[in-house]
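Undergrad: For the sequence shown, the working numbering gives the first residue as 29, with consecutive numbering after it.
The C-beta atom is built at its ideal place from N, Cα and C for all residues, glycine as well.
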Amino acid sequence: MKKNKDDSKKIESLVSKTAFQIPPSGIRKFFDIVYSMPDCISLGVGEPDFTTPWRISDSGIFALKEGYTHYTSNKGLLELRELICTYLAKKYRVAYDPETQVIVTLGVSQGLDVALRSIINPGDEVIIFQPCYVSYSANIMMLHGVPVIVPMRYEDKFKINPDLLKKAITPKTKAILLNYPSNPTGSTISSETLKIIAALAMKHNLIVISDEIYSALSYDSPHHSISAIDGMKGRTILLNGFSKSHAMTGWRLGYIAGPEFLIGMMLKIHQYTALCAPSMSQYAAIEALKKGDREVEMMVEEYRKRRNFITSRFNEIGLPCLKPEGAFYVFPDISSTGLDSNEFAIQLIENNKVAVVPGIAFGLAGEHHIRCSYATSMQNIRESLDRIEAFVKSL
29 MKKNKDDSKK IESLVSKTAF QIPPSGIRKF FDIVYSMPDC ISLGVGEPDF TTPWRISDSG
89 IFALKEGYTH YTSNKGLLEL RELICTYLAK KYRVAYDPET QVIVTLGVSQ GLDVALRSII
149 NPGDEVIIFQ PCYVSYSANI MMLHGVPVIV PMRYEDKFKI NPDLLKKAIT PKTKAILLNY
209 PSNPTGSTIS SETLKIIAAL AMKHNLIVIS DEIYSALSYD SPHHSISAID GMKGRTILLN
269 GFSKSHAMTG WRLGYIAGPE FLIGMMLKIH QYTALCAPSM SQYAAIEALK KGDREVEMMV
329 EEYRKRRNFI TSRFNEIGLP CLKPEGAFYV FPDISSTGLD SNEFAIQLIE NNKVAVVPGI
389 AFGLAGEHHI RCSYATSMQN IRESLDRIEA FVKSL
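#1: Just the C-alpha distance for Lys424 and Arg83, rounded to the nearest angstrom, thanks.
#2: Is the distance from the Cβ of Lys252 to the Cβ of Leu222 below 9 Å?
#3: Out of curiosity, what's the CA-to-CA distance linking Leu206 and Leu105?
#4: Note down, one range per segment and in chain order, each beta strand (DSSP E) of at least 3 residues found wholly within the stretch 228 to 264.
#5: Unbroken alpha helix (DSSP H) runs of length 4 or more, entirely within the stretch 153 to 190: which are they?
#6: Near Ala166, which residues of its chain fall below 6 Å by C-beta distance, leaving aside the five closest residues on each side in sequence?
#7: How is the alpha helix (DSSP H) around Tyr311 delimited, first residue to last?
#8: Alpha carbon to alpha carbon, what distance is there between Ala373 and Glu417?
#9: Taking all protein chains shown into account, decide if Arg399 is buried (16 or more other Cβ within 10 angstroms of its Cβ) or exposed.
#10: Look at Val236 and Ala196 and say whether their C-beta atoms are less than 9 Å apart.
#11: Could you give the distance in angstroms between the alpha-carbon of Gly292 and the alpha-carbon of Ser243?
#12: In the structure shown, what three-state DSSP assignment does Arg399 receive?
#13: Using alpha carbons as the reference points, say which of Arg410, Tyr402, Glu329 and Val420 lies closest to Gly366.
#14: May I ask which residues mark the beginning and end of the beta strand (DSSP E) holding Leu205?
#15: Taking only the alpha-carbon atoms, compute the straight-line gap between Thr198 and Leu42 and give it to the nearest angstrom.
#16: Would you say Tyr283 and Val130 are within 9 Å of each other, going by their C-beta atoms?
#17: Can you tell me whether Tyr99 is helix, strand or coil according to DSSP?
#18: Look up Gly292 in the DSSP assignment and give the residues it is bridged to.
#19: What does a CB cutoff of less than 6 Å around Ser363 pick up in its chain, not counting 5 residues either side in sequence?
#20: Of all the options Leu192, Pro159, Ile168 and Gly173, which has the alpha carbon lying nearest to the alpha carbon of Tyr182?
#21: Enumerate in chain order the residues of its own chain whose CB-to-CB distance from Pro190 is below 7 Å, with the five nearest sequence positions on each side excluded.
#22: Looking at Arg280 and Gly135, is the spacing between their C-beta atoms short of 9 Å?
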């Protein structure tokens, strides 16, 4: 036994210091609890509850049957890249060359990793806005970059404060990382604020990494991409994909669009770390872009109904909740309960069997909030809100 302990200590001494410093995901801990409680209702999962539309799945199955199971070009299938460029030009009025300005990736997560790897040197600063997706800070740290946090507040509807952004820029700033509509708050960025951010990026020679994976799930106004602003296409790395819009999370397919030089740098990294995205997923995505609009519209309309209900219900319970402009999350304020977000989430799941994600998982600015996904059935939403109301009253 002593030998085993000694060997374990020896191995621990060989592990990367960065790996030790990065905290485990605050989301996954609660998923593990959910899996052990079959009668628990989860509002924690960040993926559509819809299955992939059949015609899209059928295209992937057809690719398998026909033997389209080999490597594709590192960049991805040309037909898919052409359709991506057509989609971006039509939806967001920004034109890309499918030959030199697009890479198909293993979801947006890999796209973000490749984008950061292509620009960060040790000590470089990347500005992120919290609350934000849990991986942003960790990904920057893994590359020995420095995440610089700009907080967003409930009182400001979780909108970016341009004055705070200006103060955060230093000579070491390399990039600004945006996510809109936002995970976890559902807020988006107005065209006026995007113009301010663009002006700052051009003034200080910064790159903007724009994570727009939830762009298709915009409810009340059209999505505007910062890359469409004059002067920004040449310094924006646009990330998007099919996971949220077409209910294709398990297909692991996203894409990067950007200026030719940066795409060339990212392609080298992509070649060595992933080679190419799965071929059958790419054939399914071709079908999604060709004939998937109707299903996307149907899902958006259903999410809108759920959004309206869950927002109203949280406010009735006495947990102030903003109506999200996009994505499929609400981020109610639980400070009136006297519990911090971890305490609230743990007691709720133990006592009333509802799983939510504590806001602290998304950064300090998320404390005293919880993230609840409405990418689940209306029946589950109704029942979970009744349980949450009972829990709050019990306090």
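TA: Considering the structure as presented:
#1: Residue numbering for the chain in the displayed model covers 29 to 423; residue 424 lies beyond these limits and cannot be assessed.
#2: Checking the displayed sequence, the identity of residue 252 turns out to be His instead of Lys. For the pair His252 and Leu222, the CB atoms are nearer than the 9 Å cut-off.
#3: The alpha-carbon atoms of Leu206 and Leu105 are separated by roughly 27 Å.
#4: Entirely contained in the stretch 228 to 264, the beta strand (DSSP E) runs reaching 3 residues are, in chain order, 235 to 239.
#5: Fully enclosed alpha helix (DSSP H) runs of 4 or longer: 163 to 170.
#6: In chain order, Ile50 place their CB closer than 6 Å to the CB of Ala166, counting only its own chain and leaving out the 5 sequence neighbours on each side.
#7: Counting along the chain, the alpha helix (DSSP H) containing Tyr311 begins and ends at Ser307 to Lys319.
#8: Roughly 14 Å between the two C-alpha positions.
#9: Buried is the call here.
#10: Taking 9 Å as the Cβ cut-off, Val236 and Ala196 do not qualify as a contacting pair.
#11: Rounded to whole angstroms, Gly292 to Ser243 spans 25 Å at the Cα level.
#12: Correct three-state label for Arg399: strand.
#13: Minimum Cα distance to Gly366 is reached at Val420.
#14: For Leu205, the enclosing beta strand (DSSP E) has its first and last residue at Thr201 to Asn207.
#15: When rounded, the distance between both Cα atoms is 35 Å.
#16: Cβ distance < 9 Å, so Tyr283 and Val130 count as in contact.
#17: In the displayed model, Tyr99 falls within coil according to three-state DSSP, outside both helix and strand.
#18: Residue pairing by DSSP places Gly292 opposite no residue, since no beta bridge is assigned to it.
#19: In its chain, beyond the 5 residues on either side, His396 have a beta carbon closer than 6 Å to the beta carbon of Ser363.
#20: Sorting Leu192, Pro159, Ile168 and Gly173 by C-alpha distance to the C-alpha of Tyr182 places Pro159 at the top.
#21: Taken in chain order, the residues that qualify are Thr221 and Ile224.
#22: Contact flag set, yes.
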